[in-house]
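Using our numbering, the letters of the sequence shown map in sequence onto residues 2 to 168. From the three backbone atoms N, C-alpha and C, an ideal C-beta is built for every residue, glycine too.
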Amino acid sequence: MPATRRQPPHIRTAQPDDEKALARLDHDTWSTLHAVTPRPQDPTGPFFDERHQPEDYLVAELAGLVVGYIRIVCPTRLASHAHVRQIQGLAVLEEARGHGVGRALIRAAVAEARGRGARRLTLRVLGHNAPARALYASEGFTVEGVHPEEFRLDGTYVDDVVMGLRL
Ligand SMILES: CC(C)(COP(=O)(O)OP(=O)(O)OC[C@H]1O[C@@H](n2cnc3c(N)ncnc32)[C@H](O)[C@@H]1OP(=O)(O)O)[C@@H](O)C(=O)NCCC(=O)NCCS
């Protein structure tokens with residue numbers, strides 16, 4: 002990996018023209034460690050749609066290349082739920098992992114959620130996803146519940162773990 006890739010990532014809100022890079026990233030990082038949907042068929046997209054808008058995403062860039070993203074949304078449209086934000090997607094290119102990009106994205110998401118006045122940030126992570134669980138725990142997220150055997154992936158039942166952070 003070039004030395005420039007070890008610099009702290011630049012985090013910014015996604016733009017519509019990030020679509021191709023994000024579609025490629027989503028396709029290339031797909032695995033049953035974290036994904037409960039089938040692998041995206043087309044690595045060129047589409048990535049954005051009505052429910053997945055650029056402004057819901059923060060992207061991480063290294064040397065001008067998009068190497069990761071995080072998606073933060075309101076879990077529902079209910080006014081009674083408006084104080085909560087949820088992380089619904091986090092991925093870092095395999096070759097950029099282990100150098101703080103995931104952590105930088107989580108911290109940016111926390112800052113974004115706080116900036117929007119949220120009181121809680123929640124997420125769901127598969128029980129067998131040890132790297133992501135370690136990252137979330139090290140940023141202060143705690144386990145708030147477990148849905149046992151919620152998904153069947155590659156023939157194995159996997160727990161879905163609910164985690165949350167008080168902002
Ligand atoms: C989880 C993921 C985003 C982490 O990204 P990353 O850029 O490698 O993470 P960082 O370098 O910031 O690492 C931060 C912490 O995560 C944990 N971590 C990262 N990789 C790990 C691994 N392979 N094993 C155990 N813990 C790991 C560690 O606690 C690490 O802190 P440390 O470096 O002080 O030990 C990345 O592995 C990924 O994209 N995985 C596939 C998608 C995914 O699982 N998304 C989460 C869905 S809920």
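Between which two residues does the alpha helix (DSSP H) harbouring residue i extend?
{"i": "glycine 116", "result": "102 to 116"}
{"i": "histidine 35", "result": "Per DSSP, histidine 35 belongs to no alpha helix (DSSP H) and is neither H nor E."}
{"i": "leucine 136", "result": "131 to 139"}
Start and end of the beta strand (DSSP E) containing residue i?
{"i": "aspartate 161", "result": "157 to 167"}
{"i": "leucine 59", "result": "58 to 63"}
{"i": "threonine 143", "result": "143 to 154"}
{"i": "arginine 98", "result": "Counting along the chain, arginine 98 falls outside any beta strand (DSSP E), and DSSP gives it neither H nor E."}
Helix, strand or coil: how does DSSP classify residue i here?
{"i": "histidine 53", "result": "strand"}
{"i": "arginine 86", "result": "strand"}
{"i": "alanine 92", "result": "strand"}
{"i": "threonine 30", "result": "helix"}
{"i": "leucine 122", "result": "strand"}
{"i": "arginine 78", "result": "coil"}
{"i": "arginine 7", "result": "helix"}
{"i": "arginine 25", "result": "helix"}
Which value, in whole angstroms, describes the spacing of the CA atoms of residue i and residue j?
{"i": "alanine 92", "j": "arginine 78", "result": "25 Å"}
{"i": "glutamate 56", "j": "proline 149", "result": "33 Å"}
{"i": "asparagine 130", "j": "aspartate 18", "result": "30 Å"}
{"i": "threonine 38", "j": "proline 47", "result": "15 Å"}
{"i": "isoleucine 71", "j": "alanine 105", "result": "10 Å"}
{"i": "glutamine 16", "j": "leucine 26", "result": "15 Å"}
{"i": "alanine 24", "j": "leucine 66", "result": "14 Å"}
{"i": "alanine 64", "j": "arginine 98", "result": "15 Å"}
{"i": "alanine 177", "j": "isoleucine 12", "result": "Residue 177 is absent from the structure shown; the chain starts at 2 and stops at 168."}
{"i": "histidine 82", "j": "valine 126", "result": "21 Å"}
{"i": "alanine 4", "j": "alanine 22", "result": "Unreliable placement is indicated for alanine 4, whose pLDDT of 42 sits below 50; no coordinate value is reported for it."}
{"i": "valine 60", "j": "glycine 156", "result": "33 Å"}
My understanding is that residue i touches residue j, with C-beta atoms under 8 Å, so please give their C-beta distance in whole angstroms.
{"i": "threonine 143", "j": "glycine 165", "result": "7 Å"}
{"i": "aspartate 161", "j": "glutamate 145", "result": "That belief does not hold up - the Cβ atoms of aspartate 161 and glutamate 145 are roughly 12 Å apart, past 8 Å."}
{"i": "arginine 86", "j": "isoleucine 107", "result": "Actually they are not in contact, since the Cβ atoms of arginine 86 and isoleucine 107 sit about 12 Å apart, beyond 8 Å."}
Exercise. Could you name the residues, in chain order, whose CB is less than 6 Å away from a heavy atom belonging to ligand 1?
Worked result: Thr30, Leu34, His35, Leu91, Ala92, Val93, Arg98, Gly99, His100, Gly101, Val102, Gly103, Arg104, Val126, Asn130, Ala131, Pro132, Ala133, Ala135, Leu136, Ser139
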